[in-house]
Amino acid sequence: MKKFKVEVLYSATDLVNFTQCEHRVTMDMVNLETPMEKAPDSEELEFIQNRGYDHEHDYVKRLKSESKSLVEISTEDCGRDIASLNSSAADTAEAMKKGADIIYQAVLRDDCWYGYADFLRRVSKSSILGNYSYEVVDTKLARTAKPVYIIQLCFYSDLLTRLQGREPEMCSLVLGDKREEKFRFSDFSKYYASIKRRFKEKIDRNDRSTVPEPCELCDKCIWREICNRQWEESDHLCRVANITKLQINKLRDADVHTLTDLAQLSENTRIPKMNPDIFNKLRHQAALQHKKLKTGENQFELLPPDPEGIRGFARLPKPDDSDLFFDMEGDPLEPGGLEYLFGIYFKRGNTHQFKPFWGHDRTGEKKAFEDFMDFVSDHLKKHPNAHVYHYAHYEESAIKRLMCLHGTREAEVDNLLRRRKLVDLYKVVREGMRVSEPSYSIKNMEAFYMPDARDGEVKTAMGSVIYYERWRQEKDNVLLKQIADYNEDDCRSTFLLREWLLSVRPPQTNWFKSDESMPSNKTEEMLTGAERMLVPYREDLIDPLPENRDDWNAEHFLNELIYFLLDFHRREDKPGYWALFTRAEMTDEDALEDADCLGALRIDKNHPPFPDKRSYVYTYKIPEQDSKIKTGTQCVRVGVESRDPINHLEIDEQYTIATFTYSNKRPPLPDVISIGPSAPLDNRKLREAIRRFADSYIAGIGNYKAILDLLQRKPPEIDGIKAGASIIEETSDMLQQTIHCIEKLKGSCVSIQGPPGSGKTYTGGHIIVDLLQKGYRVGVTSNSHKAINNLLLKVEEIAESVGFHFSGAKKSTGVNEDSFFAGKMIKDVEDNAAIENDSYKLVAGTAWLFSREEMDSRLDYLVVDEAGQVSLGNLVAMGTSTKNIVLLGDQMQLGRPIQGVHPGDSGLSTLDYLMQGRATIPPEMGIFLATSWRMHPDVCRFISDAVYDGRLIPEKENAKQKLLLKNGHHPILKPSGVVYLPVAHDDCSQSSDEEAAAIDEIYENLLDQYYTDKSGKEHKISGENILVVAPYNMQVNLLKRVLPFSARVGTVDKFQGQEAEVVIVSMATSSEDDLPRYIEFLYSKNRLNVALSRAKCLSILVANPNLMSIRCRTIDQMKLVNTLCWVREYSN
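Residues in the sequence shown are numbered consecutively from 639, following my numbering.
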């Protein structure tokens, strides 16, 4: 904010600060009237700013070489006087009127708001300026987009709207790797407007009531020294190590306001809504810190030994003279990130040595990683009792990521992990002791074993980055030496920490024993064989590419993508295998907190195990938790080494009882167990299929044109339709047009996007029946048997209605009951060979069927349902079976979580790849089913505008379906539409009693109302006409207890494809502090779209108002909150 005499203006930075720390804005307000001393900018911040300017200037050079006209606005005096600011804003407006292609350093001003947009880019969308308008482009040094960048884009887009009389459709970031990422302004505009409104209300009230609270902005804040002094003087609870904001709030509610207050409490004290174990951890931590503050002496206390003997000091192996101590340095400013130094500290003879491995570019990084892994592997072979020590998770995560990214040294990394040779000393410290430091970083821990301050030139990890960047510019090897000295200090610190831990280790503790045996030759050969397999493909696809990516053409990028897809499935599997190792060490309490597990299951004494063939059937009770595990999930036990499968898992509707079978050849299961996902499925057939495709592409044979069209994002090639023209006219005869276009496909791929209630399954069924009638052989596939069977039901129904009979086969598996279809014309077949001949005109199954070499090119069409949930890698593998590909789906509904780390676009879902961030498919690229046959116009309008670019329209008869409300009806009810009911509550993460009570009241009132259907006929509302949806199983279970037994209650996944007259959505969470860790899976704009669009007449969103103003940590969260804000605005 700036004050020009009596006028105060506000910028994008002020709004960004407001979203991160409201107290920062308060301090800025005070500073306008009473200037305060600011903390100086750090060397790191100045360096990053300068790199940002360089990045911006490089982009300007590129634009000047491309653009017809670039106008640069002078901003030299804008910060000094308002006349200069207004003059530059007028110059910007004039350049817009003249239609400049690019306006650089655009100055935007409206009322009390002003900003400097890096670039305005002219686009061909009409506005009050003429047949064109502008969109905002900002340059950012980071390699990924962040929420704060989106706020800035929205700020400039909002100001731009007022100048050109229309909202810009898109805004863009040019990131540090020169990649441009586009965003729809409407995906964020409502959330942004909410932030802007709340900021202005604070300013207008002159609200200075905030107090400083720690946040992510602190380290960069100009007021950090003032806040730090205030926290120290007030003995703030934030000084307690590892305390959270939510815990601070609970302590304050219990009249505990300072570190000293907490330290002096009795261990028997009870804090409302706080687990006693958590309270005592915090109390103990505070007591140690308080004692050090009083005495000046370091304090530590050992925790009771782990009863299972696997955590804390039990993680320490017996020391060996050949142990290695490892630390890394990485550069986040390098596009894509760069791990430029791997440091190893070890003993040779009577002295310790330091060995650095440097990598100064992507190729060098790969070489350094390979040399490092070779050194470690060779060292461990020579010294089988040695281990590799590090501190915290970064090093382990980095070597996993580099292995996936470069596709190399997989055997070595897997062996290192499988044999548990990596020892994380952070886990030893956190699980084995408490110390009197305000943080458990290794720099803080050095107070116990390195009392003298380090004397190197480089002091911090970010300082290492700065020195490294300086070296890249100056090539002064003294700088590299200083970085190496810093890294050696970190490695030596890790060694000294290990030595100190050994000196305080309880003598009765058992030593950790890793698997000292080397892996079998078969395993090593298999893993290294997979790497060797990629070598000829790299030579054919990658090595010939120009070194400078700026010189690449479309074919070069296609080569790279195909190369990346060749190893997609192994990269995707790695986290699953690594998670198995991790879960083997989990406690039941750990599993309770992990959404991938079902934790602390207790045997049901009323239903003891009983024999069934060669197994026992077990019944366990599920404690309240939220988990992704559902009926049919293939599982193994957690917390044990055993990989014995848990089969035929069934979970009841209430998510309280789990039954499964377990081999009778194994020892009986204990009374308390936890379970988690088993190892990934064998996907060798899929990998082989992608290799067949790549071989064909390299040889120029062109066997798989439909796959190539998809990967090149080409418009579908359809006989009689010119490339680039609209595929169909969006009229009432869309079904027949669609069927005609599919039949006329010429070895190509077409996508059909089906929003909620648009008849996607109906359309797909008619397409398949028509193709079968014309004699084509058709495959039907999806990501799940459930989705496949749903489409097959519609196919049989349509075939029966037109008197057409065909012979079809569904590939089913005996161990998976969900795979069976049991149709009239479509048989369940378990033998692949029986399906592979041409006797069946319809063949259905998953990717494992269609990737088989025996199925190669055996189909005329492959129809892929729910294509938004099918990975691009799976699609390429399946696509080898067919001449033509038909994609059915909607990327704006439920997607597919990706597990692995994948380069480029190789990890995207098929539709996400094809759509490139667009909400709806362009008319020349595919078919958009534009009619909703489900939603009343008042519901459809919201879904259409908020999600589908305004292209989704209701069928005219939908207007007849509405609620008929009696006098005295619940005030939230309306005949039709989307409404928002605010419900206040605190400390709710995955369930809310307050929301459940509010929903119960609405539900009971609804049962006393009536509705009319499409024909105008009246009906009384029953439980069948109401869906109640929640994102979490815990809230679902609470609602099931509160509502009538027959109520339809579930998560979004359960109700996809279903509908009801009224939908009630319960968000459950109180605030940003209560958001679960795995928020992205359950809590997204796409899932909210699915939930609200189940309604025929009325959707009711029940949520805490605090959710509309949370500090979003990801862009997906911003999109969700934007939709919540849109619901609130639409409701009003």
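Ideal Cβ positions, reconstructed from N, Cα and C, are used throughout, including at glycine.
Pairwise C-alpha distance: residue j and residue i
| i | j | result |
| --- | --- | --- |
| G1781 | D999 | The structure shown does not extend to residue 1781, since the chain is modelled only from 639 to 1770, so the question has no answer here. |
| I618 | T657 | Residue 618 lies beyond the stretch modelled for the chain, which goes from 639 to 1770, so this question has no answer here. |
| F1298 | G1695 | 28 Å |
| P1246 | L884 | 41 Å |
| K1598 | F821 | 37 Å |
| P1394 | I711 | 47 Å |
| A1741 | E1633 | 7 Å |
| V1616 | V1728 | 13 Å |
| F995 | E1169 | 22 Å |
| V1061 | F1693 | 45 Å |
| D944 | Q1146 | 12 Å |
| Y1653 | E1593 | As written in the sequence, residue 1653 is Ser, which differs from the Tyr given in the question. Distance between the alpha carbons of S1653 and E1593: 13 Å. |
| M1539 | I1436 | It should be noted that the sequence gives Val, not Met, for residue 1539. If I take the Cα positions, the gap works out to 42 Å. |
| E1177 | C809 | 38 Å |
| N1321 | N1428 | 25 Å |
| S1158 | A1049 | At S1158, the pLDDT of 40 sits below 50, so the modelled position is not reliable; the number obtained from the coordinates is stated separately. Each residue's Cα considered, the two are about 11 Å apart. |
| H928 | Y830 | 43 Å |
| H1017 | Q1120 | 27 Å |
| K1065 | G950 | 7 Å |
Beta-carbon contacts of residue i that lie in its chain and below 7 Å, excluding the five residues immediately before and after
| i | result |
| --- | --- |
| K1160 | Residue placement at K1160 is poorly supported in this model, since its pLDDT is 41, which falls under 50; the coordinates still yield a value, given next. Cβ neighbours of K1160 beyond the five flanking positions: none. |
| Q1537 | E1210, P1213 and G1214 |
| D1357 | K1382 and K1384 |
| E1008 | T1046 and R1047 |
| H1286 | F1298 and T1299 |
Sequence-distant residues of the same chain with beta carbon closer than 8 Å to residue i, five excluded per side
| i | result |
| --- | --- |
| N1470 | K1449, L1487, R1490 and E1492 |
| E1656 | L1602, Y1648, Y1649 and T1650 |
| I1359 | I1365, C1379 and K1382 |
| E1434 | G1461, K1462, M1463 and I1464 |
Residue range of the unbroken beta strand (DSSP E) whose run includes residue i
| i | result |
| --- | --- |
| G1071 | The amino acid at residue 1071 is misidentified as Gly; the sequence shows Met. Unbroken beta strand (DSSP E) run through M1071: M1071 to V1073. |
| T989 | T989 to W996 |
| Y1254 | S1253 to K1259 |
| K1449 | G1446 to K1449 |
| V1388 | C1387 to Q1391 |
| S1704 | A1698 to S1704 |
| P1815 | Not covered by the structure: residue 1815. The range shown for the chain is 639 to 1770. |
| T1548 | Premise fails: T1548 lies in the alpha helix (DSSP H), T1548 to M1553, not in any beta strand (DSSP E). |
| Y1300 | I1295 to S1301 |
Beta-carbon contacts of residue i that lie in its chain and below 6 Å, excluding the five residues immediately before and after
| i | result |
| --- | --- |
| I1823 | What the structure shows of the chain is the stretch from 639 to 1770, and residue 1823 is not part of that stretch, so it cannot be assessed. |
| R862 | A677 and C856 |
| K1465 | A1447 |
| K1521 | G1385 and D1498 |
| K1757 | D825 and K1723 |
Unbroken alpha helix (DSSP H) run spanning residue i, endpoints
| i | result |
| --- | --- |
| R1620 | Reading the sequence as shown, one finds Pro at residue 1620 and not Arg. Segment G1615 to P1620 is the beta strand (DSSP E) holding P1620; no alpha helix (DSSP H) there. |
| T1376 | M1372 to E1381 |
| T664 | E660 to E671 |
| C1735 | Taken as a continuous stretch (DSSP letters only), C1735 belongs to no alpha helix (DSSP H), being part of the beta strand (DSSP E) at A1733 to A1741. |
| M1041 | Y1032 to H1044 |
| I741 | Here I741 belongs to no alpha helix (DSSP H); instead the beta strand (DSSP E) covers I740 to D748. |
Closer than 9 Å to chain D by CB, residue i
| i | result |
| --- | --- |
| R1130 | Any reference to chain D falls outside this structure, which holds one protein chain only. |
Where are the beta strand (DSSP E) runs, 3 residues long or more, that stay fully inside the segment 761 to 833, in chain order? 771 to 777, 808 to 812 and 818 to 822
Along the chain, which unbroken stretches of the beta strand (DSSP E) at least 3 residues long are found entirely within the segment 1494 to 1534? 1497 to 1502 and 1520 to 1527
Which runs of the beta strand (DSSP E) at least 3 residues long sit entirely within the segment 1190 to 1246? Give them in chain order. If you keep only unbroken beta strand (DSSP E) runs of at least 3 residues inside the segment 1190 to 1246, you get 1236 to 1241.
Entirely enclosed beta strand (DSSP E) segments - the segment 1078 to 1152, minimum 3 residues: none
Taking one C-beta from the segment 954 to 966 and one from the segment 913 to 932 each time, how about it: are there three or more such pairs within less than 8 Å? no
Count the CB pairs spanning the segment 691 to 702 and the segment 878 to 898 that are closer than 8 Å, and state whether there are at least three. With the cut-off at 8 Å, the segment 691 to 702 and the segment 878 to 898 do not touch.
Evaluate the contact criterion for the segment 1253 to 1266 versus the segment 1223 to 1240: three or more CB pairs, one atom per stretch, below 8 Å. yes
In chain order, which alpha helix (DSSP H) runs of at least 4 residues are fully inside the segment 1557 to 1624? 1575 to 1585
Are three or more beta carbon pairs between the segment 862 to 873 and the segment 906 to 915 nearer than 8 Å? Segments in contact, no.
Any 3 or more C-beta pairs closer than 8 Å across the segment 779 to 786 and the segment 740 to 749: The answer is no - the segment 740 to 749 does not touch the segment 779 to 786, with fewer than three Cβ pairs under 8 Å.
Can you list the alpha helix (DSSP H) stretches of 4 or more residues lying completely in the segment 1467 to 1495, in chain order? 1470 to 1474 and 1485 to 1488
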